[in-house]
Amino acid sequence: MEQFALSLVFKLYSRLIKYSWQDEPNKKSIVVQIKNLISKSLEFHCIGLRILKDIISEFNEYVGDHLTVLQHRNISISLRDNVLLDFFCISLDSLNFSLQNIMDDKLKNIRELALDLSYSCLSFDFIKTTSIDSSEEILTVQIPSQWKATFDENNPLELFFKVYKSLHSTKSLECILQVVSIRRSFFTTEEERVKFLTNLIQYTLDVLKNRIGFTDSNNHLAFSRVMERLKTNYHLNNLVSVNGYHDWIANLSNFTIDTLKVPQFSPNSIYFLLSLWAKLVSSIIYIKGDPSKTSLDKYSPVIMEAFINSKINNSFSDEEDEQLMDYEKMVEILEGIPHLGRITYQATCQQIIYLFDSISQKFLVEANPTQLEIYERQCAWLVYIIGCLILGRTSINSSEEHDKIDGELSVRVMVLININDKKLVDEASKTNNSYLHRTSRIALELSFIYFMQNFRKIYIGENSISSSKIYQKITELNGPTDHTSVLFSIIQKIGFNFNHWAENDEIIKKSLEMFWDSVNGHSTSKLLIENKVTKDILKGHGPAMFPFLEKNQNSRNRTTLYKTIGKLLFTDENLNHFDEFIEPFDQTIKRLLDIKTPEEFRTEDIKKKTIGLLRDLRGLVTSAVSKRTYLLFFEWIHTHFSDVLIKIINVWVDTPEVTTALLKFLSEFVFNRQSRLIFDSSSPNGFVIFRDTSKILVTYASLILKANVSKQDLYKYKIKGIQTSMLLFTRCLVGGYCNFGVFELYGDPSFTSAIDYIFQLCLSVSLDELLSFPKASKSYITMLEALCLGHSLTIIQLNPQYFLHIMKSLHRCLDSSDVTISSSSCTSIEKIVTVCYYQMKKKNSTCLNSIRQNFFGNHNTLYEIIDKIISIIIYEDNYNQFIFSKLLLTCIIFSQDTFNQLKQKYIHSFNPQHSDKVEKAFIQLMENTHDNLDTKNKDKFTTNVTIFKKEMKSIITISRYL
C-alpha cells in the first residue's frame, strides 16, 4: 500500500478509536493490542509505533463537530490518565531496541518512529489549558507525577543524548528540549533536582566540547533552543552550584561566538543564544555571594563584541537588508542586547564609537551607490544597537557615568540623522527619488525611528529622569541641548519623513506611531500644545502638509494621523481653532452631497475621497474624549450626518473598503468613551444619535442582505460588516445616553427596526460560520449579553425564530475555550431565565404567551442548556463555578420538571451498581436549598455544587464512565 494511503488508514483507525473511547470499558486494551502487533515483526513494529503516534495526535486535537469542546477535552484527559504513559514506555523500549545495530535500515525506521512517538508523548497538552487556536509554544511540560518512576527507571534524558551522540538526530534534541522543560516540581527533592541538572550540564558540555552534530543547521538550532530553555527553567544560582559550570559556560561562550561569526548558517540560533545570555546576565543581581563566580563579566563582553562585529562584517551581503527591513523582528532580536552591553558598558561604548566614527565618515563622503548601501547597513545596525542600549537604562543599572556614555552614543546618531537627511534631499534632486527603492536606506530610516522612540521613552517625558547627565554630555559635544530641543528635533524628523517618505508605508506607519506617542505623553504633550508647529498643523493640515495623505496607499494611516492631530486640537489652548480646522471636511461633505447621480458618485476619485474622509473623521472623533469636545464635534456633524452616510452606503454597499470605513467611523462615533456622551437633561442629542444610527444601520443591512456572496468572499463582503454592525449596536446599547423605551412609547420604530435587522444579518450566515471567526464571535456574544441584561423583556417577546437562535447561540458558547465568551453566555441565559421566572409569578404579565411559546413550546431549549451545565460542572475544571452554579439553580427553579428528567437520564446512564450513588449525589445537590433566587440560596447551592462535582468525579473514576 502506498504511504499516503497507509497514512489515511492510520488516521481513520485513530479517529474510530477516539469516537468509540467513551464506550470502551477497558482502556488498556489498545496497549495490549499494540504490544502484540509490534512483537510480530520489524514491519509490524513500525506500524504499531505509527498507530500510537496518530492516536495521540487525534486525541490531542479538537476535531469533529459532533463532539463538544468539553467532550474532546475529557476524552483527551482519559487518554492521558489511562494509557499515555504506556505509550511513552513503548517508545523508550523501541528506542533501546533500535540501538542494537545503528546501521540496520529497518531498525533505523523503528528508531525514527520511536523518537516521533516519544516527542508526541512529551509534547502532549497534559493540563489541557492551551487554547485551540493558540500557536504559542508551551514553555513548561506538566508531566504527571505518576511518570516519575518511569523516568527514574529508564532515564530518558540519557537515552535521548545517547541517540543524538550516535546518530546526530534532530528529533532526539527536540525530545531533550521537552525533557528540559519538565516542571521542576516533578522532582520531589532538592537532591533529585540537582542530580538532574548536573546530568544535563554534563551531557550538554560533552556536546559543546566535541561540536557533535553542529554541521547540520537543524541540529545547531535545536541545541540552541535546548540551552536557552535550560536557563528558562533553572535559576542562575542552581547552574553556578553545579560541578562543571565554569567549563560549561566557557564552552557555551565559544559556541556562541562561533555561531555569530557565521550567522547565515543558522540565523535563528542567534536569537535563542542571545536570549540565553541575556537571561544569564539579568540574573546576576539574584546571585548569592560574589557575582564574579558566574564568570559572566568575563564572557559577556566578548560575546557583545562578537555580535557587533558580526553585524558589521556581514553588511556586505544584500541578504542583511531582509532582516534590517523587518522592524518587529529587529526589535525581537535586540531584546537581550542591553543586558549584554551594559555589563561592561564602557568597553561596549568604545567599540561602538570607534566603528561608528569610522563608518559615518565614509558614509558622509561616499558617492558609489554599491558602497553606500554597505555603509547604510552598517550604520543601521549600529543605530539599532545604540537604540536598544538606551532602552536598557533602568534605575538598577544606571549611573551618571552610564548616562554620559548614553550621551556620547546618542549625539553621534543625532548628527548622523542630520547628515542623512541632507544627503537624501541632495539625492532626491539629482536621481528622481531612486533612494525610495533602496532597501538599505529604508532600513537606516527605520533604525533612526527606533532610536528616537527609545530616547524619547527614557530621556523625555514622564519616564525621564530629570537629574540625568546625558544632556550635559550632548551639549558638550554638540552645542546647547535639553529635552525640549530634542523633542522638537524628533517632531521635525517626523515631518521630514512625512514629506520625503510619503510613499513608503512602513516608515510612515512608524513615524505616525512616534508622533502619536509624543503627543499622547503627558509631559511631551504640554511641550507641543502651544508650539508654532502645532498651530501650523491645525491651520493647514491636508496633503500640502502631509503628502502621504495623497501618495500613500494605506489609508489606515490617516486614522492614526487625525487621532494624533485631534489630541492636539481638543485642548483648552487650541479649541478656538476648531472651526478653521474643520472647514476642509465641511467642504468635502458638501461636495459629496452635491453630487446628483449614483454614476457620478461611483468613481475611483470619489471612492478615495470618501474613504479618506471616513478614516479622518474616525481618528478625529476618537480623540474627542471629553463632553465638551465631543459636543463640539457632534454639533458640527449632526446636520448632514445621516444624509451623507446613507448616500455613501446606497452607492458603495458592495465595496467593503468603503462600508468597513463607514461602519468603523460610526462605531467610534456612538462609543461613549470616557463618558463623553453625557448631555444635559433638556437635550435630545442622545436620541438623535441613536435614531440616525438606526437609520444608517437599517439601510446597510437591508442592502447587504440582498447581496449574493460566495463562500470564499464571505468574511470580507459580509461577516466583517456584520461584526462591525454588532459592535456599533452594542456600543449604543451600553452607552447609557439613550432611554430606548421612549421610542416604543412614541411609536418610533428606530429601536425595534435596529434589533430586527441585526438579527436578520446574524441569521443570513450560519452559526458555524459566524462563530468560526474569533472577532465576530466575541462581538456577537457581547451584543447578546448587552441585549439580555438591558432588554430581557424585548428578547423574550421576539419572534420564535430570533429567540431560538439566541438561545442556541448562547448554549453553543457555554463551553467555549474563551472564558469571556462562556461567562457572557452564562450571564445572558441566567438573566433571561430569571426574568421569565419572575414574569411567570405575575398574574397579569404581558409576556406570558411569549414565555410559553419560546420556552415551553420548545422543550429541548431548556433541557439542552441544563444538560450542558451539568456536564461542564462534572467534567470541566477551568470554568467559573459560581457563575455556572447560579445559572443551574435558576434553570432548576424555573423548570423543576426538566431538571428531574435530566436527573433520571444521568442515573440511568451509569452501571446499575452505581445508580444509587448518582441519585444520592443529585439529592445532595439540592439539599437545604429553597424555591427562590435569593443571594443566600445561591451561595448555599454553590457549596452544594462543589460537593456534587467531587462525588460525581469519584463515581466516574470507579465506574470508568465518561
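One point on numbering: in UniProt numbering, the residue at position 494 of the sequence shown is 494, and numbering is uninterrupted. For every residue, glycine included, the Cβ atom is placed at its ideal position computed from N, Cα and C.
I870 is not a Cβ neighbour of F884, given a cutoff of 7 Å.
L260 has its alpha-carbon roughly 17 Å from the corresponding atom of I352. DSSP, reduced to helix, strand and coil, places I343 outside both helices and strands of the structure shown, so it counts as coil. For the 7 Å CB-CB criterion, Y375 and F363 form a contact.
As a beta-bridge residue in DSSP terms, I182 pairs with V141.
In the three-state DSSP reduction, N418 falls in the helix class (H, G or I). Listed in chain order, the beta strand (DSSP E) runs fully inside the segment 212-239 amount to none, counting runs of at least 3 residues.
Using a Cβ distance threshold of 7 Å, S269 and L221 count as a contacting pair. Q553 carries a coil assignment under DSSP once its states are collapsed to helix, strand and coil. K473 counts as buried, since at least 16 other C-beta atoms from the protein chains shown sit within 10 angstroms of its C-beta. Runs of the alpha helix (DSSP H) spanning 4 or more residues and lying entirely within the segment 776-834 occur at 792-796, 800-812, in chain order.
Using a C-beta cut-off of 8 Å, the segment 689-697 makes no contact with the segment 610-627, since fewer than three inter-stretch Cβ pairs fall below that distance. Shown here, W636 sits in a helix according to DSSP, grouped into three states. Restricting attention to P543, M783, Q913, the CA atom closest to the CA of F585 is found in P543. G736 carries a coil assignment under DSSP once its states are collapsed to helix, strand and coil. In the DSSP assignment, N109 falls within the alpha helix (DSSP H) that extends over 105-122. Distance between L804 and E769, taken at the CA atoms: about 18 Å. Assigned with DSSP and collapsed to three states, C847 falls in coil, not helix or strand. A direct Cα-Cα distance of roughly 39 Å separates S675 from E335. In terms of Cβ geometry, T890 and T834 form a close pair [threshold 7 Å]. Apart from sequence neighbours up to five positions away, the residues of its chain that approach F548 with a beta-carbon distance below 7 Å are F498, A502, I508, N557, ordered along the chain. Counting only runs of at least 4 residues, the segment 448-494 fully encloses the following alpha helix (DSSP H) elements, listed from N- to C-terminal order: 470-478.
Fully contained in the segment 162-209 are the following alpha helix (DSSP H) runs of length 4 or more, in chain order: 170-180.
Put simply, of T484, I795, S825 the residue whose alpha carbon is nearest the alpha carbon of Q853 is I795. Going by C-alpha positions, L324 is about 57 Å away from D23. R393 sits in coil when the DSSP states are folded into three classes, being neither helix nor strand. Less than 7 Å separates the beta-carbon of L197 from that of N238. Nearest to G540 by C-alpha distance, out of P25, I17, H235, I582, is I582. In this structure, N454 lies near I390, with their beta-carbon atoms less than 7 Å apart. Bounds of the alpha helix (DSSP H) holding E328 are 327-333. Beyond the five residues adjoining it in sequence on each side, I405 comes within less than 6 Å, by CB distance, of Y345, C349 in the same chain, given in chain order. The beta carbons of F255 and L208 sit closer together than 7 Å. For I51, the closest C-alpha among the options Y203, D81, S91 is that of S91.
A distance of 7 Å or more separates the beta carbons of E322 and N314.
Annotation: N739 to F671 spans about 16 Å, alpha carbon to alpha carbon. Runs of the alpha helix (DSSP H) lying entirely within the segment 743-769, each at least 4 residues long, are 750-763 in chain order.
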